[in-house]
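Structure first, commentary second.
Protein chains: 2
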Amino acid sequence: MTELQKMGAAAKAAAAVLRTAGEKKRAALLEAAKALRGEQTALLRANEEDLAAARATGMKDAMLDRLTLTPARIEAMAQGVEDVAAQRDPVGRVLSGETRPNGLKIEKITVPMGVIGIIFEARPNVTSDAAALCLMAGSAVILRGGKEAIHSNTAIAELLRGACERAGLPRDCVQLVRDTSRASSVEMMGMTGYLDLLIPRGGAGLIRTVVENAKVPVIETGVGNCHVYVDESADIDMAAEIIFNAKTSRPSVCNAIETILVHGKIAEKALPVIAARLAEKHVELRADERARALLPNAVPAEEADWETEFLDYILAVRVVDSLDDAIDHIARYSSGHSECIVTRDLRAAEAFTARVDSAAVYVNASTRFTDGGELGLGAEIGISTQKLHARGPMGLNEIVSYKYVIRGDGQIR
Amino acid sequence: MTELQKMGAAAKAAAAVLRTAGEKKRAALLEAAKALRGEQTALLRANEEDLAAARATGMKDAMLDRLTLTPARIEAMAQGVEDVAAQRDPVGRVLSGETRPNGLKIEKITVPMGVIGIIFEARPNVTSDAAALCLMAGSAVILRGGKEAIHSNTAIAELLRGACERAGLPRDCVQLVRDTSRASSVEMMGMTGYLDLLIPRGGAGLIRTVVENAKVPVIETGVGNCHVYVDESADIDMAAEIIFNAKTSRPSVCNAIETILVHGKIAEKALPVIAARLAEKHVELRADERARALLPNAVPAEEADWETEFLDYILAVRVVDSLDDAIDHIARYSSGHSECIVTRDLRAAEAFTARVDSAAVYVNASTRFTDGGELGLGAEIGISTQKLHARGPMGLNEIVSYKYVIRGDGQIR
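The listed protein sequences correspond, in order, to chains A and B.
If you read the first sequence in full-length UniProt numbering, its first letter stands for residue 1, the second for the next number, and so on.
If you read the second sequence in full-length UniProt numbering, its first letter stands for residue 1, the second for the next number, and so on.
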């Protein structure tokens, strides 16, 4: 057995206990929150080791910031764990049921996934966020973070393991892969028989690698090439506010927009208003020829711009001739995350919501609402952009499975 | 573009039409049923070509039987298509919804998967069964059957394509891969960007190959190493009837049982009764040492017997010391399909249903009920043995996805 297979076997054993752990899951999370707060100094010290190593390799400031723990960030992690503990247990809900004519009583009941693997990059808070969600959902978790955060992740994982133990659960409900080589990541993707689900959390490169190479079930998350379409009938001020919010309130996240499509009949009036609002935040516009005629400061858009998740103060702009053209553009370039139509026309709204095939489709609202908390689902383990199992934000209820329990008194077929 | 990529692009275009096709889906299915009946002679002729080729290569009788179409089987196919058409449309159901404090109106609505690929073996009826389910679920389908059935499958697929056209839908809602080489199968498994879901239907070898090699989302189906546990408190006659039914009513299907586990305290009384009933169908018993002491005709079980889906009149038998031992055996060897406890003890029933991690867990009923029709889900496209997306029989409602539709009046975050 390899080291990872041993971890897989330990996780399966822990998962068998978690399957019927009831309130112990909540107790473990409350212990974990307490430990995160109580061991703040030790966590900061471990994090400082990671930061020193990162600085020595010349890590960029934005990356360094993501890697950094502060007392406020540790408090936020503890609070996040408590928020998960405050949610309703997603396990054991009866989704549906019936008594069949032959007297069989059928119930469809939510059950834990079993063992969930998470492969993530340089944010140490993912360790506690993801572990808390998996634990509350009754699954054991194997975490494999980036090497940049190994000291921080190890310290956090040890606190969580201790918390499980104090709550009467196996320590191996939470395990961290210490080997942060590429090989461990590849081995995890092939752990058929151990992992019931693997979720990659990180940039487009990581997600593509996992989707292409995994033999275990995967949920593809997070890449957001999102669009706002400004319909012929749009309220121009509303369009400008929604675009400004969806582009600039937090450009680095997946529910920010990357392209706007503006109907030709409203472009002359709308584009200058939209551009003026975006200029407040110095957003670079990359526009097609028709849009550039109305936007003197825009640079020419290239084909690659329609495909790119800029994650920056950059926005692609295209003028389209119709709702159909907008829907076609989205079908071609979208990553299936979130799209919005700004319109006053009921038929346009209905056609857009029926025909656009993305996880979240908005009428007259910012795409920034595609978030577990904002949609009322609680904290999310990721935002699914595939259609199998779960779509959009995956909260506690989206990381469980179900089974059929069937009670009879001797029925045969 | 390869031939398969062209098919993928055509399927995506068809899927965009199907997304809002409403009643045309049902109309296409009724046309298809009519065509299957009307073209019976042509179908039998095409099937005869396959049968002649199969006989020439010395195909075994059981396989030949699966390949054979008869007027009765064609009628059953037509009836199956009509049954699917009679079901409620699984697309457009509102699963949940709420109005958020900020006024956003959120609905979670079922939508089609998009494009579904099916890789299957030598049964031509799968062509119409699977295509009908995909079509009614609003998805375009790319079928890749075995080379043994290529003439039959081509004839059936052409009838379905014509039916789509007559109902005002694109012919490419249904496509059959003509190239039945291994290469086409491997290429299909890698069609990221074209296939939203790939379902293998066939033997354990096919399913393993697809699960190990696919880069697109897959649902693992059908391997059933199912168990009956006879508890200390069981009604022995009930146990014997359930075991007899679950083993012998149709040994070649995935919901038949392969192993029985009998509590040590009841084994002496129960095993002779069970064995006598099974002897009526000449079931070979492969037993562990303790069971063999009570079963003079049994052969010794080997380790491999606990792992094997015999699909035959063979049953492995083990005596266990406790409910815990039975649950541990199932956790170790089961494929996660269907398991049953026969008991009169409420606590044993509750423990078994809570702790056994299979798609269907029975108390006092035959595992043969794990079937879309028997559970009230309608015809199934397969029986999922994984925990992602769907578990157990996958009917129409299990081959759709969902999206969030969010309506606002200018909300920003």
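Where is the CB? At the ideal position from N, CA and C, for every residue including glycine.
On the premise that ILE219(A) lies in contact with SER384(A), defined as a C-beta separation below 8 Å, what is that separation, rounded to the nearest angstrom?
The residue you call residue 384(A) lines up with position 384 of the first sequence. The residue you call residue 219(A) lines up with position 219 of the first sequence. That belief holds up - the Cβ atoms of SER384(A) and ILE219(A) are roughly 5 Å apart, short of 8 Å.
Top-ranked residue by Cα proximity to ILE399(A), from LEU135(A), ASP345(A) and ILE106(A)
Numbered from its first residue, the first sequence carries residue 399(A) at position 399. Among LEU135(A), ASP345(A) and ILE106(A), the Cα nearest to that of ILE399(A) is on LEU135(A).
Reduced DSSP secondary structure (H/G/I, E/B, other) of GLN411(B)
Here residue 411(B) refers to the residue found at position 411 of the second sequence. GLN411(B): strand per DSSP, three-state reduction.
Just curious, the beta strand (DSSP E) that ASN364(A) is in, first and last residue?
Within the first sequence, numbered from 1, the residue matching residue 364(A) stands at position 364. It spans 360-365 - the beta strand (DSSP E) in which ASN364(A) sits, taken as one unbroken run.
Using a Cβ-Cβ cut-off of 6 Å (strictly less than) and excluding sequence neighbours within five positions of VAL317(A), which residues of its own chain qualify?
On the first sequence, residue 317(A) is found 317 positions in, with the first residue counted as 1. ILE260, LEU285, ALA287 and ALA291, listed in sequence order.
Is the stretch 11-19 of chain A touching the stretch 77-85 of chain A in the sense that three or more CB pairs, one from each, lie closer than 8 Å?
The stretch 77-85 of chain A is not in contact with the stretch 11-19 of chain A.
Output needed in chain order: residues of the stretch 57-84 of chain A with a Cβ under 8 Å from some Cβ in chain B.
Taking 8 Å as the Cβ-Cβ cut-off against chain B, none of the residues of the stretch 57-84 of chain A qualify.
Short of 8 Å Cβ to Cβ, which residues in the stretch 100-112 of chain A face chain B?
ARG100, LEU104, ILE106 and VAL111
Should GLY97(B) go down as buried or exposed, given a rule of 16 or more other Cβ atoms within 10 Å for buried?
Residue numbering aside, residue 97(B) sits at position 97 when the second sequence is read from its first letter. Counting Cβ neighbours within 10 Å, GLY97(B) comes out exposed, since fewer than 16 surround it.
Residues in the same chain with beta-carbon distance under 8 Å from THR68(B), minus the five sequence neighbours each way, listed in chain order, please.
Mapped onto the second sequence, residue 68(B) falls at position 68. If we look at THR68(B) and ignore the five residues flanking it on each side, its Cβ neighbours are ASN47 and LEU51.
So, do the stretch 90-107 of chain A and the stretch 174-188 of chain A have three or more beta carbon pairs nearer to each other than 8 Å?
no
Relative to the C-alpha of LYS34(B), which residue among ILE150(B), ILE116(B), ASN153(B) and CYS164(B) is closest?
What you label residue 34(B) is simply residue 34 of the second sequence in a count that begins at 1. Per the Cα distances, CYS164(B).
Measuring alpha carbon to alpha carbon, tell me which of SER322(A), ALA256(A), THR353(A) and CYS173(A) ends up nearest GLY8(A).
The residue given as residue 8(A) occupies position 8 in the first sequence. Nearest C-alpha to GLY8(A): CYS173(A).
Using a Cβ-Cβ cut-off of less than 7 Å, give me the residues of the stretch 196-213 of chain A that come near chain B, in sequence order.
ASP196, LEU197, VAL211 and GLU212
Skipping 5 residues on each side, what residues in its chain have a beta carbon closer than 6 Å to that of LEU195(B)?
By 1-based counting over the second sequence, the position of residue 195(B) is 195. Excluding residues within five positions, the ones whose Cβ falls inside 6 Å are VAL115, GLY117 and VAL216.
According to DSSP, is VAL273(A) part of a helix, a strand, or is it coil?
One-based indexing of the first sequence puts residue 273(A) at position 273. It is helical.
Check whether chain B comes within 7 Å of ASP409(A), counting only Cβ atoms and requiring the distance to be less than that.
As a first step, residue 409(A) must be located in the first sequence, where it is residue number 409. Yes - at least one Cβ of chain B is within 7 Å of the one on ASP409(A).
If we cut at 7 Å on Cβ distances, does THR20(A) have a partner in chain B?
Looking up residue 20(A) in the first sequence gives position 20. By this cut-off, THR20(A) is an interface position.
Would LEU29(B) and ALA85(B) be called neighbours here (beta carbons separated by less than 7 Å)?
The sequence position of residue 29(B) within the second sequence is 29, counting from 1. The sequence position of residue 85(B) within the second sequence is 85, counting from 1. In contact: LEU29(B) and ALA85(B) (Cβ atoms closer than 7 Å).
What do you reckon, are the CB atoms on CYS226(B) and ILE257(B) nearer than 7 Å?
Translated into positions along the second sequence, residue 226(B) becomes position 226. Translated into positions along the second sequence, residue 257(B) becomes position 257. Their beta carbons are under 7 Å apart, which means CYS226(B) touches ILE257(B) by this criterion.
Length of the line joining the Cα atoms of THR209(A) and GLY193(B):
Counting from 1 along the first sequence, the entry for residue 209(A) is found at position 209. Counting from 1 along the second sequence, the entry for residue 193(B) is found at position 193. Their backbone Cα atoms lie some 15 Å apart in a straight line.
Using 10 angstroms around the beta-carbon of LYS387(A), count the other beta-carbons present and answer buried if the total reaches 16, otherwise exposed.
Against the first sequence, residue 387(A) aligns to sequence position 387. Buried: at least 16 other Cβ atoms inside 10 Å.
What distance in whole Å lies between the Cβ atoms of GLY378(B) and ALA359(B), which are believed to be in contact at a cut-off of 8 Å?
Taking the second sequence and counting its residues from 1, one reaches residue 359(B) at position 359. Taking the second sequence and counting its residues from 1, one reaches residue 378(B) at position 378. Going by Cβ atoms, the distance from ALA359(B) to GLY378(B) rounds to 17 Å, so no, they are not a contact pair.
Do you know whose CA, among ARG413(A), PHE369(A) and LEU36(A), lies nearest GLU374(B)'s CA?
Along the second sequence, read from residue 1 onward, the residue named residue 374(B) stands at position 374. Comparing Cα-Cα distances from GLU374(B) to each of ARG413(A), PHE369(A) and LEU36(A), the minimum goes to ARG413(A).
With a 10 Å radius around its C-beta and 16 neighbouring C-beta atoms as the bar for buried, classify LYS25(B) as buried or exposed.
The residue labelled residue 25(B) in the question sits at position 25 within the second sequence. Burial call: buried.
Whose Cβ in chain B lies nearer than 7 Å to the Cβ of SER184(A)?
One-based indexing of the first sequence puts residue 184(A) at position 184. What SER184(A) touches in chain B: nothing, since even the nearest Cβ is about 20 Å away.
Ranges of the alpha helix (DSSP H) found wholly within the stretch 290-354 of chain B, counting only runs of at least 4:
Taking 4 residues as the minimum length, the alpha helix (DSSP H) runs contained wholly in the stretch 290-354 of chain B are 303-307 and 323-333, in order along the chain.
Residue-level contact to chain B via CB, SER152(A), 7 Å cutoff
To locate residue 152(A), count along the first sequence from 1; it is residue 152. False, the Cβ-Cβ gap to chain B never drops below 7 Å.
If you reduce the DSSP assignment to three classes, tell me which class PRO112(A) lands in.
Looking up residue 112(A) in the first sequence gives position 112. PRO112(A): strand per DSSP, three-state reduction.
Exposure of ARG55(A), with buried meaning 16 or more beta-carbon neighbours within 10 Å
Translated into the one-based positions of the first sequence, residue 55(A) becomes position 55. It is exposed - the Cβ of ARG55(A) has fewer than 16 other Cβ atoms within 10 Å.
For LEU388(B), decide whether its Cβ has a neighbour in chain A, counting only Cβ atoms nearer than 7 Å.
Taking the second sequence and counting its residues from 1, the one referred to as residue 388(B) is at position 388. So, interface residue.
Taking 7 Å as the threshold (C-beta atoms), are VAL228(B) and VAL319(B) in contact?
On the second sequence, position 319 is the one that residue 319(B) refers to. On the second sequence, position 228 is the one that residue 228(B) refers to. Against a cut-off of 7 Å, the Cβ pair of VAL228(B) and VAL319(B) comes out as no contact.
Taking only beta-carbon atoms, is GLU39(B) less than 7 Å away from chain A?
Along the second sequence, one-based indexing puts residue 39(B) at 39. Taking Cβ atoms only, chain A never reaches closer than 7 Å to GLU39(B), which makes this a no.
Is DSSP giving ILE399(B) helix, strand or coil here?
Here the question's residue 399(B) lines up with position 399 in the second sequence. The three-state secondary structure of ILE399(B), taken from DSSP, is coil.
When the Cα of ALA390(B) is compared with those of LYS403(A), MET394(A) and ASN153(A), which residue comes out closest?
Position 390 of the second sequence, counted from the start, is the residue given in the question as residue 390(B). Considering only alpha carbons, the answer is LYS403(A).
Between which two residues does the beta strand (DSSP E) holding GLY97(A) run?
Translated into positions along the first sequence, residue 97(A) becomes position 97. 94-99 is the span of the beta strand (DSSP E), which, as asked, contains GLY97(A).
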